[in-house]
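The structure appears right after this line, and notes come after that.
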Amino acid sequence: MQILLRYARYALPVVFFGYAAVFNVEYARFPEPTEVPLDASALKGALTARLDNVYRQSLPHRDSAIGLIGALRYLTVGEGRKGVVAGHDGWLFTAEEVREAPQDISRSLDRIARVRDRLEAVGAELVIVPVPGKLDVHVAESNPETAAGIVRLYDGFLAGLKLRGVAVLDARAVLRAEAREGLAFFRTDTHWTPGGARAVARGLATSGVIPLGTTTFAVTTVTVAQFTGDLVSFVTNENFASLAGLRPEIAAPYTAAAEGPGSGNLDIFAETAPGATLLIGTSYSANPAWSFAEALKLALGRDVLNLAVEGEGPARPMLDYLASPYFRDAPPAVVIWEFPVRYLSDPTIWGDQGPVQSDA
0 MQILLRYARY ALPVVFFGYA AVFNVEYARF PEPTEVPLDA SALKGALTAR
50 LDNVYRQSLP HRDSAIGLIG ALRYLTVGEG RKGVVAGHDG WLFTAEEVRE
100 APQDISRSLD RIARVRDRLE AVGAELVIVP VPGKLDVHVA ESNPETAAGI
150 VRLYDGFLAG LKLRGVAVLD ARAVLRAEAR EGLAFFRTDT HWTPGGARAV
200 ARGLATSGVI PLGTTTFAVT TVTVAQFTGD LVSFVTNENF ASLAGLRPEI
250 AAPYTAAAEG PGSGNLDIFA ETAPGATLLI GTSYSANPAW SFAEALKLAL
300 GRDVLNLAVE GEGPARPMLD YLASPYFRDA PPAVVIWEFP VRYLSDPTIW
350 GDQGPVQSDA
């Protein structure tokens, strides 16, 4: 069986490239004599452009072939492309969680402490909600050794924040408890489920870190969404996901609107009132499909203004907020900073900010 798998790993790409070669011979049309430039470099350019056109327009089965090969590779050898780690029974994990963990995260910890100091200077409290690795929560769905690095990174991050006196929730403990009952993260997506987000919000409410409010909310369930997990694209495409045994994900998002006069939702960097409760972070907070901001409203009894941004990492949205007139003109009471720990292994997490400065 091992021999079969070893050969399959190499045979599948050979089949695909063989198909591509045959198709190219059949469909590629070289330039006519009247189209051939006299200059050799121009000739090379003409041929390159022609072949590029073949791949882009004349290879109708290219995407299907790539998707099929990916699905078959996953079925036979349990692997995807670079960027994904395959777990057990259809579970996928982002390869960002298995990047080499930095030996020293003090630079990031010091910068977070600077952010805390700057918020405290205007009477605001910072609370960190570290998002653990999916490998660190659904440990049984993969090789435990694979999770070792992200586990140590979370441990070091939590300990470093506490050492610096930064308020922090142990979100991993909450999510692991949720995982024992169901899904804290989606099987084929990077993100937590609405259930996982709700568990974290409730954990924050019961931690006593943030005083509870008395605001009541009207909850409206949004249409249930079925979607292809973001990690599936590292294996195959959505047309062949079911062939690979990668089922669609289902999310049941909801909204929570404050009841009473003058209530309403505020968009990012809309006018904010002094003393507000803010949520800043990544797509775990920004994407309405996970309903994290809504879960926080219900658990804390506070209206929460969601300033999280997708695709920017955890640092940039915070730095942008601190540099904005909204922070200067209407300081908040509480800032909840959702912070995926896997970003600590990204050397570009703080952008081009350089050394830690006193203004964060």
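Mapped onto numbering that gives the first Met the number 0, the consecutive letters of the sequence shown carry residue numbers 0 to 359. Quick reminder that beta carbons are idealized off the backbone N, C-alpha and C, glycines included. On a predicted model such as this, the values are computed, not experimentally measured, just so you know.
- For Leu304, the enclosing beta strand (DSSP E) begins and ends at Val303 to Asn305.
- Distances from the alpha-carbon of Gly259 to those of Asp109, Thr215, Gln102 and Gly122 put Thr215 closest.
- Within the region 68 to 123, complete alpha helix (DSSP H) segments of at least 4 residues are found at 105 to 119, given in chain order.
- Residue environment analysis places Val223 among the exposed positions, since fewer than 16 neighbouring C-beta atoms fall within 10 angstroms of its C-beta.
- Within the region 177 to 226, the beta strand (DSSP E) runs of at least 3 residues that lie entirely inside it are, in chain order, 216 to 220 and 224 to 226.
- Relative to Gly207, the option among Val167, Asn305 and Asp62 whose CA is nearest is Val167.
- A direct Cα-Cα distance of roughly 10 Å separates Pro324 from Pro330.
- For Leu277, the uninterrupted beta strand (DSSP E) run begins and ends at Thr276 to Ile279, by DSSP.
- Counted as a single uninterrupted DSSP element, the beta strand (DSSP E) harbouring Glu337 occupies residues Val333 to Pro339.
- Boundaries of the alpha helix (DSSP H) harbouring Tyr153: Ala147 to Leu162, taken from the DSSP string.
- When the Cα atoms are used, Tyr342 and Met317 turn out to be separated by approximately 14 Å.
- Taking the Cβ atoms as the reference, His137 lies roughly 20 Å from Asn286, outside the contact range of under 8 Å.
- Here Val308 carries a coil assignment [DSSP, helix/strand/coil].
- Your pair Val173 and Ala198 checks out as a contact, with CB atoms roughly 5 Å apart and the cut at 8 Å.
- Taken atom to atom, the span from the alpha-carbon of Ser344 to that of Thr227 is near 27 Å.
- Taken through DSSP and simplified to helix, strand or coil, Glu293 comes out as helix.
- The straight-line gap separating the alpha-carbon atoms of Arg201 and Ala294 is approximately 8 Å.
- Between the beta-carbon of Val130 and that of Tyr283 there is about 6 Å, and that keeps the pair under the 8 Å contact cut.
- Take the alpha-carbon of Arg315 and the one of Leu118: they are about 16 Å apart.
- With a contact defined as Cβ atoms closer than 8 Å, Arg301 and Gly89 miss out at about 38 Å.
- Your pair Leu91 and Val303 does not check out as a contact, with CB atoms roughly 30 Å apart and the cut at 8 Å.
- From the listed residues Thr281, Thr93, Ala250 and Arg175, the smallest Cα separation to Thr145 is found for Thr93.
- Pairing Tyr320 with Ile348 gives a Cβ-Cβ distance that is not under 8 Å.
- In the DSSP annotation of this structure, the continuous segment of the beta strand (DSSP E) that includes Ala257 starts and ends at Tyr253 to Ala257.
- Ile348 sits in coil when the DSSP states are folded into three classes, being neither helix nor strand.
- Listed as beta-bridge partners of Ala250 by DSSP are Ala224.
- The continuous alpha helix (DSSP H) containing Phe326 extends over residues Pro324 to Asp328.
- No residue range can be given for Ala288, since it is assigned to no alpha helix (DSSP H) and is classified by DSSP as neither H nor E.
- Assigned with DSSP and collapsed to three states, Leu242 falls in coil, not helix or strand.
- Judged by DSSP in its simplified three-state form, Pro129 adopts strand.
- Within the same chain, Glu96, Val97, Ala100, Pro131, Gly132, Leu134, Asp135, Val340 and Arg341 come within 8 Å of Ile149 by CB-CB distance, once the 5 residues on both sides are set aside.
- Straight-line spacing of the CA atoms in Arg186 and Glu248 works out to 8 Å.
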